[in-house]
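Below is one structure, written out as structure tokens; comments come after it.
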Amino acid sequence: MPELPEDETTKRGITPYILNQTISALIVRQSKLRLPVTEHIHQLCQGQNILDVKRRGKYLLLTLRDGTLLIHLGMSGCLRIEHQYTPARKHEHISMHLNNETSLRYSDPRRFGLWLYLTENPFQHKLLQSLGPEPLSDDFNERYLYKKASGKKQCIKSFIMDSHVVAGIGNIYATESLFLSGIHPLTPAGALSKESCMTLTIVIKKILQNAISVGGTTLRDFYSSNGKPGYFSLSLLVYGRKGLPCLRCNSLLLSVPIACRQSVFCPTCQFFPHDIT
DNA sequence: CTCAGATCCTGTGCGC
DNA sequence: TGCGCACAGGATCTGA
């Protein structure tokens, strides 16, 4: 379940192995992902150097000479560095062999991921163009959130998970952020005070930053191992703890389904703003 | 336009 | 022990 910190960790983990290397072969075993893998992607990439590795939201971008590889890990995708000669594992849909005797392996059991080869400016592609600001950038601040949420009846949890509002926040970090901000997940986005928007933006930045720094401690796992980024060692305060006592006040944590996602919250620590009740 | 809910897919973990 | 089913979720699509 990669969210932004896992994608950033992945980016940092693979970059040293693939930057400035030449793609000697790209093997696609399964092209049915969220969108079909670009046709003839093998011929398009072969022989090109990887000039840069970037991240935008949950998308990774490998800049090549004549185009860009746009990669999304979906919810079960993972990238790993392996020796070129090791056999593909189950669900390893794409292997990118490099000229330094390593290869980048993409596995994705649930196939919600994405591999596209773009020749145009990738940031003008519709998938990236419509993305909201990076949550760790200065563009994501309380003024932006307050203005964007103004008049919205949509609940705040769905709102911050909408990548067009802010890029890269999934169920785990949305759930944790709202708990730490003391905001009930069903609060209409437009009902948040300026103060709540400030708290929420600060908490989101802090929690993402923290998760990235934790992920950074497991970077070596990207080489010849299971490649699982480090969020498993993150201490989650509410996510996955439905029915267990709140670590702050001991109330039993509740859960409501929001857009088919479990949303765990503390009925005591998280409340609706007074002005809408 | 807005927003809630369904949808894609398969491994995991639970109950019986 | 083994089977079957509910559940997990990012982003998009549908329909009210």
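Residue numbering for the first sequence follows this note's numbering, beginning at 818 and increasing consecutively.
Every residue gets a Cβ at the ideal spot worked out from N, C-alpha and C, and that includes glycine.
Quantities reported herein were computed from a predicted structural model and do not represent experimental measurements.
Taking the straight line between their C-alpha atoms, what separation do you get for residue i and residue j?
i, j, result
"residue 919", "residue 824", "20 Å"
"residue 975", "residue 1061", "24 Å"
"residue 826", "residue 883", "26 Å"
"residue 998", "residue 889", "29 Å"
"residue 1050", "residue 1031", "For residue 1050, the pLDDT reaches just 48, beneath the cut-off of 50, and the residue's location in the model is therefore unreliable, although a value from the coordinates is still provided. Approximately 8 Å between the Cα atoms of the pair."
"residue 969", "residue 1078", "20 Å"
"residue 1085", "residue 1055", "13 Å"
"residue 829", "residue 989", "21 Å"
"residue 876", "residue 831", "14 Å"
"residue 856", "residue 913", "16 Å"
"residue 807", "residue 1089", "The shown model of the chain, from 818 to 1094, leaves out residue 807, and the question about it has no answer."
"residue 1027", "residue 904", "35 Å"
"residue 853", "residue 981", "23 Å"
"residue 902", "residue 986", "36 Å"
"residue 1080", "residue 837", "43 Å"
"residue 1075", "residue 907", "33 Å"
"residue 819", "residue 849", "20 Å"
From what residue to what residue does the beta strand (DSSP E) around residue i run?
i, result
"residue 1074", "1071-1075"
"residue 845", "840-845"
"residue 876", "876-881"
"residue 895", "895-900"
"residue 889", "885-889"
Below 8 Å on the Cβ atoms is my contact criterion, and I expect residue i with residue j to pass it. Report the Cβ-Cβ distance as a whole number of Å.
i, j, result
"residue 994", "residue 1024", "6 Å"
"residue 788", "residue 846", "Outside the modelled stretch of the chain, which goes from 818 to 1094, sits residue 788, for which no answer is possible."
"residue 1022", "residue 953", "6 Å"
"residue 925", "residue 874", "Between residue 874 and residue 925 the Cβ distance is about 18 Å, and since that is not below 8 Å, they are no contact."
"residue 929", "residue 892", "5 Å"
Where do the N-terminal and C-terminal ends of the alpha helix (DSSP H) with residue i fall, by residue?
i, result
"residue 997", "988-998"
"residue 946", "943-946"
"residue 813", "Because the chain is modelled from 818 through 1094, residue 813 falls outside the range shown and cannot be assessed."
"residue 1011", "1011-1032"
Is the beta carbon of residue i less than 9 Å from the beta carbon of residue j?
i, j, result
"residue 966", "residue 821", "no"
"residue 1019", "residue 959", "yes"
"residue 859", "residue 843", "yes"
"residue 1087", "residue 1002", "yes"
"residue 934", "residue 887", "yes"
"residue 922", "residue 911", "yes"
"residue 945", "residue 973", "no"
"residue 915", "residue 963", "no"
"residue 936", "residue 885", "yes"
"residue 1082", "residue 996", "yes"
"residue 834", "residue 917", "yes"
Can you tell me whether residue i sits near the ligand FMN, meaning its C-beta is under 8 Å from at least one heavy atom of the ligand?
i, result
"residue 1071", "As presented, the structure is devoid of all ligands, the ligand FMN included, so that no description of it is given."
Could I get the ranges of all uninterrupted beta strand (DSSP E) runs contained in the stretch 908-975, with 3 residues as the minimum, in chain order?
909-915, 919-924, 931-935
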